[in-house]
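Taken in sequence, the protein lines are chains A and B.
If you're matching positions, the first sequence starts at 1 in the numbering used here and goes up one per residue.
If you're matching positions, the second sequence starts at 1001 in the numbering used here and goes up one per residue.
There are 2 protein chains.
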Amino acid sequence: MRTIGLDDIDDLALGATLLGTGGGGDAHIAKLMVRQAIVDHGPIRIMEPAELPPDGLVVTAAVIGAPTVILEKIPSGREFINSAKATAQYLGKDPVAIMPIEVGGMNTLIPLAIAGELGLPVIDADSMRRAFPQIEMTVFTLHGIKATPMSVADEKGNLCIFESTTNQVAEDLARGAVIRLGMANAISCYPMTVDQVHRYGIQGSMSYCTDLGKHLAAVQRGEAGAYDRFLEFAGARKLFTGKLVDLDRRTTSGFARGTVVLEDLKDPHRHARIEIQNEYLIAYVDDVPLVSAPDLISLLDHETARPILTESLRYGQRLDLIGMPCAPEWHQPGMLDIVGPRAFGYDIEYTPFRGGQA
Amino acid sequence: MRTIGLDDIDDLALGATLLGTGGGGDAHIAKLMVRQAIVDHGPIRIMEPAELPPDGLVVTAAVIGAPTVILEKIPSGREFINSAKATAQYLGKDPVAIMPIEVGGMNTLIPLAIAGELGLPVIDADSMRRAFPQIEMTVFTLHGIKATPMSVADEKGNLCIFESTTNQVAEDLARGAVIRLGMANAISCYPMTVDQVHRYGIQGSMSYCTDLGKHLAAVQRGEAGAYDRFLEFAGARKLFTGKLVDLDRRTTSGFARGTVVLEDLKDPHRHARIEIQNEYLIAYVDDVPLVSAPDLISLLDHETARPILTESLRYGQRLDLIGMPCAPEWHQPGMLDIVGPRAFGYDIEYTPFRGGQA
């Protein structure tokens, strides 16, 4: 067991923003929630599955919606408690831990705040170790674990509980509710036992995220050799440095979609293009796809190494395009069907991304 | 207490089709469901609220969706049982009776089949004594009774349970689910006590519907004076007889919408126009609105007196346009806000419809 205290939040949030791959919401609001929870209830326990009873119930807590809306609609906090409690009550059990469904973006941090409020530990695992835009896009789906019963709640007291035949239907139902409840809501899905988390989850995600954040923070402080150490830790590679010259954004069907084009700082004939669906999903350099989901794409400010969210993209920004391999737990049969490029409608072959020098 | 046996189904279904005011689905399928339930479980008990324990739980059972889809997507029956049971289980109580939420269309009959299967009586009341296209359009809303907790189920095993802050939000949430679950599903909303049904419901709806059906059946058999007796029983009036010369239909946002135009059989310069939103909502004769929701509009085949559903409208049909006053329980403060013409987007004044000779 370790704990997350006030001093750990910044590193964790920075790692989470990077793993958000441009999406996952603004960690700033979630940071404030965690800070308040720690002030009110003390440091939050992060526990390994082996430290918890195997048949204990684990429930998740997350925000669901379009990042463009999540950015503007501040959560009250009660909706997350209501949603997590509703899932547990529906199952008639008390949870022993809270799990982040995605360690990436603000959904890394919200579970900490909820765990603090409920007096529960956070289990050191997740289902993505990045952010993904749809509920069925988890390693749990690959193992046949259901996303339901799940609950969706808003800040006004509206609550939905769903049982679905498939995780794709779960996504459809949740999205339908979210569209009608203001496009930024609380969700608690994939309730499962500690043993299931242990066997099928991505292990150590919270610790990994914190360490990743520490490495990136060193880069931001300008420490010598820090960029290389950061890339090495993440198995990542810098693929392109360019100026943002084109940006097309639209919020449709409950998602923030878009396309961003970078022009090489030195050679105006060289371009990188990144496709967005809440997160950065595919990165092309000179029309060659170099990274695609489930591997991770990040855009860092060229000067400050600050990860830039899709909502914060602006014309003229100078950005480093970074590729990172996904968590190894993703490489299971069925992966490409749910999180490969074709699952998002991009007709390209998936090639596992490898770091190191190009 | 009375019972509904095999011999009563036709009259009840005919009355229900008339009260469906063109919508509410095809009673034929629901008739088959009731017939089977009676064959399997015997006649179904219809009970007054006074015959049941005042604090007993009453749950409703209904189909929700677009009539155009309900017509083609045959229910399995299980979805209604699942939905009614889910609402009761969520409340942690066993129901003492099933209530039709609308006595109008197939939702008059489905509760009988469900009651038969569950071994429960049907309470002789409802919330509309006609069909309406939206969940909040009930006399219960006028009395501040919540539509939730409510459940929506499909035939595959998908299930949604909703708690909402208002009945309008309940409608939004259910509609969102229905759009994603095939546009024809089971719903169990407005769970309440027998006492609440007694105090706030429309009383005797099932009996009224059966009697109305008996009167119309007499018209259909061509009995002397039967048409006048039918009109008198319902407080109704024949407003127009014409040939269907124009029909515009579209299924949008989960509803079947449309406009139908009749041309007077004798005078081609005289027209009636009826606006549809699942049901016939407003009837104009020569551009003067003569009947509007919540009062009832029916189109009867001019030769056979068969009520014609909106889905069965065809060019060239000769139709009688009938106006009928709504149940007196509707005339409460707030009625026009939820079921008056403006609630449906038609900018006309509501004038209570009165039967008798024009």
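For each residue, glycine too, the CB sits at the ideal point set by N, CA and C.
Bridge partner(s) assigned by DSSP for residue i
i               : result
D301 (chain A)  : A:L319
C1160 (chain B) : A:F162 and B:V1152
T193 (chain A)  : A:L57
P333 (chain A)  : Partner(s): none; P333 (chain A) has no beta bridge.
D1040 (chain B) : None, per the DSSP bridge assignment.
S1292 (chain B) : B:I1282
M1047 (chain B) : B:I1123
M1324 (chain B) : B:L1296
I202 (chain A)  : A:D126
P307 (chain A)  : A:L300
Close-in-space but distant-in-sequence residues of the same chain around residue i (CB under 7 Å, 5 per side omitted)
i               : result
L173 (chain A)  : F162 and S164
A1358 (chain B) : Since pLDDT at A1358 (chain B) reaches only 48, below the 50 mark, its modelled position is unreliable, and no value is offered.
G316 (chain A)  : K243 and L244
R257 (chain A)  : R250, I276 and Q277
G1065 (chain B) : V1178, M1183, A1184 and N1185
V970 (chain B)  : The first residue shown for chain B is 1001 and the last is 1358, placing residue 970 (chain B) beyond what the model contains.
Q1051 (chain B) : Note that residue 1051 (chain B) is Glu in the sequence shown, not Gln. For E1051 (chain B), where only same-chain residues beyond five positions count, the Cβ hits under 7 Å are M1001.
R270 (chain A)  : D264 and D286
T21 (chain A)   : G104, R130, A131, E279, Y280, L296, I297 and S298
8 Å Cβ shell around residue i - same chain, five flanking residues per side excluded
i               : result
G1086 (chain B) : Looking at the sequence shown, residue 1086 (chain B) is not Gly but Ala. Same-chain partners within the cutoff: S1151, A1153, L1159, I1161 and S1188.
I74 (chain A)   : I29
R985 (chain B)  : A question about residue 985 (chain B) goes unanswered here, because the residues of chain B that appear run from 1001 up to 1358.
D40 (chain A)   : G116 and E117
A217 (chain A)  : D10, D11 and L14
P1149 (chain B) : T1087, Y1090, L1091, I1161, F1162, E1163 and P1191
S207 (chain A)  : R2, I46 and D124
Contact set for residue i: own chain, Cβ-Cβ below 6 Å, skip 5 residues either direction
i               : result
S1292 (chain B) : I1282, P1341 and Y1350
R129 (chain A)  : V103, I202, S205 and A327
P325 (chain A)  : G235, D295 and F353
V339 (chain A)  : M137, A293 and P294
Q1134 (chain B) : E1171
D246 (chain A)  : V261
Y284 (chain A)  : R273
Y1346 (chain B) : I1282
L142 (chain A)  : Q332 and G334
A1226 (chain B) : A1218 and V1219
Any chain D beta carbon closer than 9 Å to residue i
i               : result
R1354 (chain B) : Absence of chain D from the displayed structure is noted, the protein chains being A and B.
Beta strand (DSSP E) segment containing residue i, residue limits
i               : result
G65 (chain A)   : A62 to G65
T3 (chain A)    : R2 to I4
S1188 (chain B) : A1184 to S1188
I98 (chain A)   : P95 to M99
Start and end residues, alpha helix (DSSP H) containing residue i
i               : result
A1343 (chain B) : First-last for A1343 (chain B): undefined, no H or E at that position.
A16 (chain A)   : I9 to L19
I1348 (chain B) : No alpha helix (DSSP H) contains I1348 (chain B), which DSSP labels as neither H nor E.
A174 (chain A)  : N167 to R180
S1083 (chain B) : R1078 to L1091
Closer than 8 Å: residue i CB and nearest the ligand GTP heavy atom
i            : result
G5 (chain A) : In the structure shown, the ligand GTP is absent, as is every other ligand, since no ligand is present at all.
| Within the segment 216-289 of chain A, ranges of the alpha helix (DSSP H) (whole runs, at least 4 residues) | 226-234
| field | Selection of the segment 1164-1179 of chain B by Cβ proximity to chain A, strictly under 7 Å | value | S1164, T1165, V1169, D1172, L1173, G1176, A1177 and I1179
| Listed in chain order, which residues of the segment 1133-1161 of chain B have Cβ atoms closer than 7 Å to some Cβ of chain A? | K1156, G1157, N1158, L1159, C1160 and I1161
| What residue ranges within the segment 1101-1139 of chain B form continuous alpha helix (DSSP H) runs of no fewer than 4 residues, ordered along the chain? | 1110-1118
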